[in-house]
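Enquirer: Residue numbers for the sequence shown follow numbering that gives the first Met the number 0, beginning at 0 and rising by one.
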Amino acid sequence: MMSYQRLFRLAWGALAALALPGCSTQPTERPDTLVNLATVQSGPQVQADELNGAIAREPRNAALWVRRATLRLAAGDPRAALSDVAAALEIDDADGRTYYVQARALRTLGRLPEALAAARQAAKYGFTGPELPLLVGETHLAARNYPAALDNLDRTLRLDPDQPAALFYKGLAYAATADTSTAVQYLQDALARDPWQPEILHQLAFLLNAWRVPADAARYAALGMKLDTTSGLLRYDYGRQLELRGRPDSALWYYCRALALDTTVYRADYRLGLAAASARRPNEVIGHLKRALRRNPRLPQARVLLAEALETQNRLPEALAQFRRLVAENPGNGHWTFKVWKTNERVQAALPDSLRTSPRYYYRRPAGSTRPAPIAPLPLLRPSAQ
Numbered sequence: 000m001m002s003y004q005r006l007f008r009l010a011w012g013a014l015a016a017l018a019l020p021g022c023s024t025q026p027t028e029r030p031d032t033l034v035n036l037a038t039v040q041s042g043p044q045v046q047a048d049e050l051n052g053a054i055a056r057e058p059r060n061a062a063l064w065v066r067r068a069t070l071r072l073a074a075g076d077p078r079a080a081l082s083d084v085a086a087a088l089e090i091d092d093a094d095g096r097t098y099y100v101q102a103r104a105l106r107t108l109g110r111l112p113e114a115l116a117a118a119r120q121a122a123k124y125g126f127t128g129p130e131l132p133l134l135v136g137e138t139h140l141a142a143r144n145y146p147a148a149l150d151n152l153d154r155t156l157r158l159d160p161d162q163p164a165a166l167f168y169k170g171l172a173y174a175a176t177a178d179t180s181t182a183v184q185y186l187q188d189a190l191a192r193d194p195w196q197p198e199i200l201h202q203l204a205f206l207l208n209a210w211r212v213p214a215d216a217a218r219y220a221a222l223g224m225k226l227d228t229t230s231g232l233l234r235y236d237y238g239r240q241l242e243l244r245g246r247p248d249s250a251l252w253y254y255c256r257a258l259a260l261d262t263t264v265y266r267a268d269y270r271l272g273l274a275a276a277s278a279r280r281p282n283e284v285i286g287h288l289k290r291a292l293r294r295n296p297r298l299p300q301a302r303v304l305l306a307e308a309l310e311t312q313n314r315l316p317e318a319l320a321q322f323r324r325l326v327a328e329n330p331g332n333g334h335w336t337f338k339v340w341k342t343n344e345r346v347q348a349a350l351p352d353s354l355r356t357s358p359r360y361y362y363r364r365p366a367g368s369t370r371p372a373p374i375a376p377l378p379l380l381r382p383s384a385q
């Protein structure tokens, strides 16, 4: 891709030529034409493809395979990167960097145990850069092994004290263990070293909202939205601080905007569902809370509100499924057990006999009682002559 410096030199050269005294108005040379940057292909995938010829000429050069694997990984193709790594290992299975690239590709694919095994091989064969314990620490964090994550992130910081990614991941680890104050401290340290990273700003805003410090959360979320205009998470963070500060209508606008940018922001769906329940709009409750529960089935009161909204809309089979989930989540709860029984009776009553899962019982109506015959009057007793 043509650099900005090259474009500047071309434009400046054209202006200088026009400014020279005695220059003809009909130049004999063809003027420079700026290249349309949209048509210029570059990036890691193009660079990886450019290595195809070199690999064809030197198929036993393991370094070329590793280089192409690194570029394919940067281009978002971890499976192709693993294929190149396998070819490199067939040539040289004692290169620590090859195993490091393999560990990165496996981590990208979510194959955490295999990624950790490859990282151990990288260390065994001499790869000692701070990138390795950082990768191992982040992998342990993804596996929710927080002590191992913190150990490896501390090792990273001993090798590189100003590594913002290590500080960021330490903040996430402490947040996961409910140590919010320490988490915020590490995230602020990471932000001081990398002040233009939207993800750090999002995590700070999210934690401060959870800690009920909306004024500080607003500052971080506003800065993050300036840096990343397409982040749904940062829109949610900004909306949440508005809600905490008593501006629910503005908050709902930001929640809707968050979902327009990123449909995976389930917390925005959750908040919109709660607001719809308060406003008695069951159709909106169903739409928002069904999406939210698909991503987080443990949201407080979400399943209760969804089940009741489905029941209100007479969507009884769906309501029954939600009531059964509530019984499974709250064993021994008499209220939800009764709701399952009652809703199931209504569902069964609406089905034809061929689809019922329980038999329909018919009862003979008892015969009506007959009125008793009137009692005949007793005969009159007359005194005899005797």
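C-beta atoms are modelled at their ideal positions from N, C-alpha and C, and glycine is treated no differently.
Every value quoted in this text rests on a predicted model; they were computed, and no experiment measured them.
Kindly give me the distance between the Cβ atoms of Leu271 and Tyr254, rounded to whole angstroms, as I take these residues to be in contact under 8 Å.
Expert: Reading the sequence shown from its first residue, position 272 is the one you call residue 271. Reading the sequence shown from its first residue, position 255 is the one you call residue 254. Confirmed, Cβ separation roughly 5 Å.
Enquirer: Return helix, strand or coil for Thr181, following the three-state DSSP convention.
Expert: Here the question's residue 181 lines up with position 182 in the sequence shown. Helix.
Enquirer: Taking the straight line between their C-alpha atoms, what separation do you get for Val65 and Ala301?
Expert: The residue labelled residue 65 in the question sits at position 66 within the sequence shown. The residue labelled residue 301 in the question sits at position 302 within the sequence shown. C-alpha separation (whole angstroms): 48 Å.
Enquirer: If contacts are defined as beta-carbon pairs under 8 Å, then Ala142 and Leu152 qualify, I think. What distance do you get, rounded to the angstrom?
Expert: In the sequence shown, the residue the question calls residue 142 occupies position 143. In the sequence shown, the residue the question calls residue 152 occupies position 153. With a Cβ gap of about 14 Å, Ala142 and Leu152 do not count as contacting.
Enquirer: Does DSSP classify Tyr237 as helix, strand or coil?
Expert: Numbered from 1 along the sequence shown, position 238 holds the residue referred to as residue 237. It is helical.
Enquirer: So Ile374 is in the alpha helix (DSSP H); what residue range does that whole segment cover?
Expert: Numbered from 1 along the sequence shown, position 375 holds the residue referred to as residue 374. No alpha helix (DSSP H) holds Ile374; DSSP gives it neither H nor E.
Enquirer: How would you write the range of the alpha helix (DSSP H) that Thr127 sits in, first residue to last?
Expert: Taking the sequence shown and counting its residues from 1, one reaches residue 127 at position 128. Careful: Thr127 lies outside any alpha helix (DSSP H) and carries neither H nor E.
Enquirer: My understanding is that Arg234 touches Arg256, with C-beta atoms under 8 Å, so please give their C-beta distance in whole angstroms.
Expert: Residue mapping note: residue 234 aligns to position 235 of the sequence shown, counting from 1. Residue mapping note: residue 256 aligns to position 257 of the sequence shown, counting from 1. Contact flag correct, Cβ pair sits at about 5 Å.
Enquirer: Does the stretch 278-291 come close enough to the stretch 236-249 that 3 or more CB-CB pairs lie under 8 Å?
Expert: Result no; under three Cβ-Cβ pairs closer than 8 Å.
Enquirer: Let me know if Thr69 comes out buried or exposed under the rule of 16 or more other beta-carbons within 10 Å of its beta-carbon.
Expert: Reading the sequence shown from its first residue, position 70 is the one you call residue 69. Looking at its Cβ environment, which holds 16 or more other Cβ atoms inside 10 Å, Thr69 is buried.
Enquirer: Can you tell me which of the three DSSP states Asn51 falls into?
Expert: Within the sequence shown, residue 51 is the residue found at index 52, counting from 1. Here Asn51 sits in helix by DSSP.
Enquirer: CB-CB under 8 Å to Ser230, same chain, minus the five flanking residues each way: which ones, in chain order?
Expert: Numbered from 1 along the sequence shown, position 231 holds the residue referred to as residue 230. These residues qualify, in order along the chain: Pro197, His201, Gly223, Met224, Leu260, Asp261.
Enquirer: So, helix, strand or coil for Asn35, using DSSP?
Expert: Here residue 35 refers to the residue found at position 36 when the sequence shown is read from its first residue. A caution first: Asn35 carries a pLDDT of 45, below 50, which makes its placement in the model too unreliable to give a value.
Enquirer: What's the gap between the Cα of Thr97 and the Cα of Asn60?
Expert: In the sequence shown, the residue the question calls residue 97 occupies position 98. In the sequence shown, the residue the question calls residue 60 occupies position 61. Each residue's Cα considered, the two are about 13 Å apart.
Enquirer: Could you compute how far the alpha carbon of Leu63 sits from the alpha carbon of Ile90?
Expert: Here residue 63 is taken as the residue at index 64 of the sequence shown, counted from 1. Here residue 90 is taken as the residue at index 91 of the sequence shown, counted from 1. Going by the C-alpha atoms only, they are around 11 Å apart.
Enquirer: Would you say Thr155 and Leu171 are within 8 Å of each other, going by their C-beta atoms?
Expert: Reading the sequence shown from its first residue, position 156 is the one you call residue 155. Reading the sequence shown from its first residue, position 172 is the one you call residue 171. In this structure, Leu171 does not lie closer than 8 Å to Thr155 by Cβ.
Enquirer: Helix or strand or just coil, what does DSSP make of Val65?
Expert: Residue mapping note: residue 65 aligns to position 66 of the sequence shown, counting from 1. Helix, per DSSP.
Enquirer: How many whole angstroms separate the CB atoms of Ala80 and Ala102, which I take to be in contact at a CB cut-off of 8 Å?
Expert: Walking along the sequence shown from the start, residue 80 turns up at place 81. Walking along the sequence shown from the start, residue 102 turns up at place 103. Actually they are not in contact, since the Cβ atoms of Ala80 and Ala102 sit about 11 Å apart, beyond 8 Å.
Enquirer: Please state whether DSSP places Gly245 in a helix, a strand or coil.
Expert: Within the sequence shown, residue 245 is the residue found at index 246, counting from 1. Of the three classes helix, strand and coil, the one that applies to Gly245 here is coil, per DSSP.
Enquirer: Rank Leu325, Pro146, Asp83 by C-alpha distance to the C-alpha of Thr398 and give the top, closest one.
Expert: This structure leaves residue 398 out entirely; the chain is present only between 0 and 385.
Enquirer: Give me the Cα-Cα distance between Leu288 and Glu242, rounded to the nearest whole angstrom.
Expert: Sequence index remark: in the sequence shown, residue 288 carries index 289 (1-based). Sequence index remark: in the sequence shown, residue 242 carries index 243 (1-based). Straight-line Cα distance between these residues: approximately 19 Å.
Enquirer: By the 10 Å Cβ neighbour count, where 16 or more other Cβ atoms means buried, how is His334 classified, buried or exposed?
Expert: The residue given as residue 334 occupies position 335 in the sequence shown. It counts as exposed.
Enquirer: Compare the Cα-Cα distances from Ala74 to each of Glu130, Gly42, Asn144 and report the closest residue.
Expert: Indexing the sequence shown from 1 puts residue 74 at position 75. Ala74 has its Cα closest to that of Gly42, out of Glu130, Gly42, Asn144.
Enquirer: Am I right that Leu309 and Val264 are in contact with their C-beta atoms under 8 Å? What's the rounded C-beta distance?
Expert: Within the sequence shown, the letter at position 310 stands for residue 309. Within the sequence shown, the letter at position 265 stands for residue 264. Between Val264 and Leu309 the Cβ distance is about 23 Å, and since that is not below 8 Å, they are no contact.
Enquirer: Do you know offhand how far Leu207's Cα is from Trp195's?
Expert: Residue mapping note: residue 207 aligns to position 208 of the sequence shown, counting from 1. Residue mapping note: residue 195 aligns to position 196 of the sequence shown, counting from 1. Between Leu207 and Trp195, the C-alpha separation is close to 19 Å.
Enquirer: What residue range is occupied by the uninterrupted alpha helix (DSSP H) comprising Ala301?
Expert: Within the sequence shown, numbered from 1, the residue matching residue 301 stands at position 302. Ala301 -> alpha helix (DSSP H) spans 301-311.
Enquirer: Apart from the five residues just before and just after Arg324, which ones in its own chain have a Cβ nearer than 7 Å to its Cβ?
Expert: What you label residue 324 is simply residue 325 of the sequence shown in a count that begins at 1. For Arg324, where only same-chain residues beyond five positions count, the Cβ hits under 7 Å are Arg302.
Enquirer: Just checking my contact of Ala214 with Tyr237 at CB under 8 Å: how many whole Å lie between their CB atoms?
Expert: Residue numbering aside, residue 214 sits at position 215 when the sequence shown is read from its first letter. Residue numbering aside, residue 237 sits at position 238 when the sequence shown is read from its first letter. Between Tyr237 and Ala214 the Cβ distance is about 12 Å, and since that is not below 8 Å, they are no contact.
Enquirer: By the 10 Å Cβ neighbour count, where 16 or more other Cβ atoms means buried, how is Asp161 classified, buried or exposed?
Expert: As a working mapping, residue 161 is identified with position 162 in the sequence shown. Exposed is the call here.
Enquirer: Ala274: which of Phe126, Asn313, Arg239 sits nearest, CA to CA?
Expert: Along the sequence shown, one-based indexing puts residue 274 at 275. Nearest C-alpha to Ala274: Arg239.
Enquirer: Please classify Pro376 as buried or exposed, where buried requires at least 16 other C-beta atoms within 10 Å of its C-beta.
Expert: Residue 376 sits at position 377 when you count from the first residue of the sequence shown. When all chains shown are included, Pro376 counts as exposed.
Enquirer: By the DSSP assignment, the alpha helix (DSSP H) with Trp335 in it spans what residues?
Expert: Working through the sequence shown from its first residue, we reach residue 335 at position 336. That run of the alpha helix (DSSP H) goes 333-348.
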